[in-house]
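Protein chains in written order, with my numbering: chain A, 9 to 332; chain B, 900 to 1317.
All C-beta atoms, glycine included, are put in the ideal place defined by N, C-alpha and C.
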Amino acid sequence: MTTTEATATAGAPPGVGPGAGRVPAPRRRRGPAASQWAAAGFATPLLVYLILFYAYPLVRNIDLSVHDYTIRAFVQGNAEFVGFEKYAEVFSSATFPTALWNTAVFTVVSIVFQYATGLALAVFFRSGFRLSGLLRAMFLVPWLLPLIVSASTWAWMLNSDNGIVNSVLAAFGVGQINWLTSPGTALLSVTIANIWLGIPFNLVILYSGLQNIPGEVYEAASLDGAGPWKQFWSITFPLLRPVSAITILLGLIYTLKVVDVIWIMTTGGPGDASTTLAIWSYREAFGTGQPDFSPAAAVGNLLILIALVFGFLHLQLQRRQEDS
Amino acid sequence: MHHPRRKPTTLAAVAALALVGVLGACSSGAAAGESGGDASTYTWWDPYPQHDDASDWAGRVQACGEEAGVTIERTAYDTTALTNQALLAAQEGTSPDVILLDNPAVSTLSDTGMLTTVDELGLDTSAIDENLLAAGVVGGETYGIPIGANTLSLYYNADILTDAGVDPASVTDWDSLTAALKAVTGNGDKGITFAGIGTEEGSFQFLPWFWGAGADLRDLDSPEAVAALELWTGWLEEGYAPNSVINNSQNTTWEEFLTGDFGFAVNGTWQVDSAAGADFETGVVQLPGRDGGVAQAPTGGEFILAPVQEDTERYDVTRQIVECMTTPEGFVETANTFAYYVPPTADGQAALVEEKPELEPWVEAVRNAKGRTSDDLGADYPVISEALWTAVQNALSGAATAQEALETAQADAETGTS
């Protein structure tokens, strides 16, 4: 059904094309200047918007990272140019390997579980049983709650002494686990909270992706004797690949820059135990009484680079998919 | 024929108008941000978002404006956000006329040259207690006036202490406090709660023990400092304090104390009213030093500051507003409005104690308190403080021993301040 719709819309442009082609002709005769001006007029707001809100902050961030912006220099605007010195400082800092490792673990574990759970739920809800709409809506709750609320709630639940998680575990004879206050479990705790937060996003995107797989394919498969497991691996998963790719890529970029959940639950602590690159950048800039904008910007740029690498990787994959 | 010709031009005009609108919005936004705007409106920033426009505090700010013949436009920020906003505004040249700012941030802002000195403004600070004014003194110049001060003390739950047979008056040094905690926990109650969070609050709460051991902020890994940190880690190991103190803010600490489960809690002057309203009887003792005596606690509280303005004509009115807030009556009024500020002058303190005798121990504590940026630390303090709270976090969580954690902290502080 969806495919027929798709071909209908795809077929539309050629029909409209000739009609539309007739209009510009008199315009061009009257004077190309006017239409070019109009084109420029249309493009200008967009260009201004892009420059103002995308290019400028980016340039400013790079500018911050290659100057030594002490607080005094920041206010007086006479920061000394230091080239890549701040980057060298960041790389040689004791926090760097910890933060990089934590970022990798936090991102990969979050994405794997968010995606797997989101996909399982999407397939589950596809069968459209009674109340499935309501249940699906309930899975969106993490998305609707303000982050400060959900992160604080997680922090309370995981509290060492009074948290509900520990009291349930205690009922099964498990001793007190210092979820947020022990260096061994802090990262795990914030990752669990982040997985919970990310499931709705994966569910929604993957569920809508599933809607685009025509039902006939499944019918044909079941006629050929493919069971649900076989159907999933041979039809759902391969046909969902473009949607999966974009879901994972977006999830990756979102997860790389997560600050709020971690900051509210552990402020990156204890020590550096749950400090990711994003947390580190935030802490340098705003987390202490002494804003250090230059290293913060350097770490921020590093994150942008990492996200960019994955962005290009995605484009590459997409191109290869289209070619084949 | 008319129609297709007119269409693009009209659209272009619309687009151009939209563009003008966008740019116009930007420029007018910048103009509004220009300090104060006109001569009859003065801008005022403070860190009290809990007091809205209808509050007593907002009314008091307005009254000081009216007295000086101007309207005050007040904006409230969260404390950390306020420092950042102040720096950004200074960079843009759009500083407000008056800022109320947490005292350890004063030296940081003064370092940027964005603050006027009290001499430039023509203010008299001779009556202010020296230990409270110290946070605003950098390189011999004074950059603001404290509008009030608060500090930390040791609250106790009288019911729990009676049950455990502990006399609060017996808590005079670390050993007697630890003994009291042992008695309380031995009796089935919880011992003490404090805030060991990885922010400035964590350092604020650790300093009374740090200073009470005789340690110096320039020397974070001294044996005295290690002893102070070991006192805290010892409490956690023995179960005298809950493990969650590592992530506790001072508010959380207080909430825990209000459950009535804890014998002791370290908290500040600002909880006096709340303590009086608790379901159990509470009391306050001074934080003990290692070998007896009262430990020096850090001073808390805001300074009133006047950022540098391009239009120096404005200073005259600014001075009147600041003076209105810092008269002896003004100090007492501020103390009453907030219910937790001790006036920074002897006159003000006397007047407050006369009105509220129960605040006497707090006035005493404030007189003994010490500015965090004192000892000529100035703008180095935030760097040292970050190293210190990180060490506290690492030691309490067991990531490092107290000795190791403080050695790392000292190394970090030295690199950060050199």
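- For Ala1298 (chain B), a Cβ of chain A is located within less than 8 Å of the residue's own Cβ.
- Boundaries of the beta strand (DSSP E) harbouring Leu1204 (chain B): Glu1201 to Leu1204, taken from the DSSP string.
- Look at Leu188 (chain A): its C-beta is under 8 Å from a C-beta on chain B.
- Under the DSSP assignment, Thr284 (chain A) falls outside any alpha helix (DSSP H); it carries neither an H nor an E label.
- Your pair Thr1233 (chain B) and Gly1047 (chain B) checks out as a contact, with CB atoms roughly 5 Å apart and the cut at 8 Å.
- Scanning its chain for C-beta atoms nearer than 8 Å, with the 5 sequence neighbours on each side dropped, one finds around Asp952 (chain B) the residues Arg973, in chain order.
- Between the C-alpha atoms of Arg1117 (chain B) and Ile203 (chain A) there is a straight-line separation of about 43 Å.
- Taking C-alpha positions only, Ser100 (chain A) is separated from Phe301 (chain A) by approximately 18 Å.
- Counting the other CB atoms within 10 Å of its CB gives Leu321 (chain A) a total below 16, which places it among the exposed residues.
- Classified as buried, Ser158 (chain A) has 16 or more neighbouring CB atoms from the shown chains inside 10 Å of its CB.
- Under the 8 Å criterion on CB atoms, Thr284 (chain A) is classed as non-interfacial with respect to chain B.
- As summarised for the stretch 123-201 of chain A, the continuous alpha helix (DSSP H) elements at least 4 residues long and confined to that stretch are 140-146, 149-152, 155-165 and 172-179, given in chain order.
- Partner residues in the beta bridge of Phe1163 (chain B), as assigned by DSSP, are B:Tyr1055 and B:Ile1091.
- The beta carbons of Ala1278 (chain B) and Thr1007 (chain B) sit closer together than 8 Å.
- Distance from the CA atom of Tyr941 (chain B) to the CA atom of Ser994 (chain B), rounded to whole angstroms, is 11 Å.
- C-alpha of Ser1296 (chain B) to C-alpha of Leu166 (chain A): approximately 15 Å in a straight line.
- Proximity of Asn1166 (chain B) to chain A, defined by a Cβ-Cβ separation below 8 Å, is not satisfied.
- The contact set of Ser168 (chain A) on chain B, defined by CB atoms closer than 7 Å, consists of Pro1141, Asn1142 and Ser1143 in chain order.
- Membership of Leu1000 (chain B) in the beta strand (DSSP E) is indicated by the continuous run Val997 to Asp1001.
- In the three-state scheme derived from DSSP, where H, G and I count as helix and E and B as strand, Arg80 (chain A) is classed as helix.
- In the three-state reduction of the DSSP assignment, Phe89 (chain A) falls in the strand class, which pools E and B.
- Using a Cβ distance threshold of 8 Å, Pro1107 (chain B) and Ala1033 (chain B) do not count as a contacting pair.
- Sequence-distant Cβ neighbours of Glu1259 (chain B) in its own chain, meaning closer than 7 Å and more than five residues away, are Val1252.
- Going by C-alpha positions, Leu1305 (chain B) is about 12 Å away from Glu1285 (chain B).
- For the stretch 979-1004 of chain B, the set of residues with a beta-carbon nearer than 7 Å to any beta-carbon of chain A comprises Thr979, Thr982, Asn983, Leu986, Ala989, Gln990, Pro1003 and Ala1004, in chain order.
- Listed along chain B, the residues sitting closer than 8 Å to Arg80 (chain A) by beta-carbon distance are Asp1010, Thr1011 and Gly1012.
- Interface residue (Cβ-Cβ distance to chain B less than 8 Å): Thr161 (chain A) is not classified as such.
- Using a Cβ-Cβ distance cut-off of 8 Å, the stretch 1138-1147 of chain B and the stretch 162-182 of chain A are in contact, since at least three pairs of beta carbons, one from each stretch, lie closer than that value.
- Shown in chain order are the members of the stretch 252-276 of chain A whose Cβ falls below 9 Å from a Cβ of chain B: Met273, Thr274, Thr275 and Gly276.
- Within the model, the alpha-carbon separation for Gln84 (chain A) versus Gln990 (chain B) is close to 6 Å.
- About 15 Å separates the beta carbons of Ile221 (chain A) and Thr255 (chain A), which is beyond the 8 Å limit, so they are not a contact pair.
- DSSP places Gly1021 (chain B) in the coil class of the three-state scheme, outside both helix and strand.
- With a 10 Å radius around the Cβ and a threshold of 16 neighbouring Cβ atoms, Arg327 (chain A) comes out exposed.
- For Gly1182 (chain B), the secondary structure class from DSSP, reduced to helix, strand or coil, is strand.
- In terms of beta-carbon proximity, Gly1270 (chain B) stays away from the interface with chain A, with every pair separated by 8 Å or more.
- Among the CB atoms of chain A, none fall inside 8 Å of the CB of Leu1305 (chain B).
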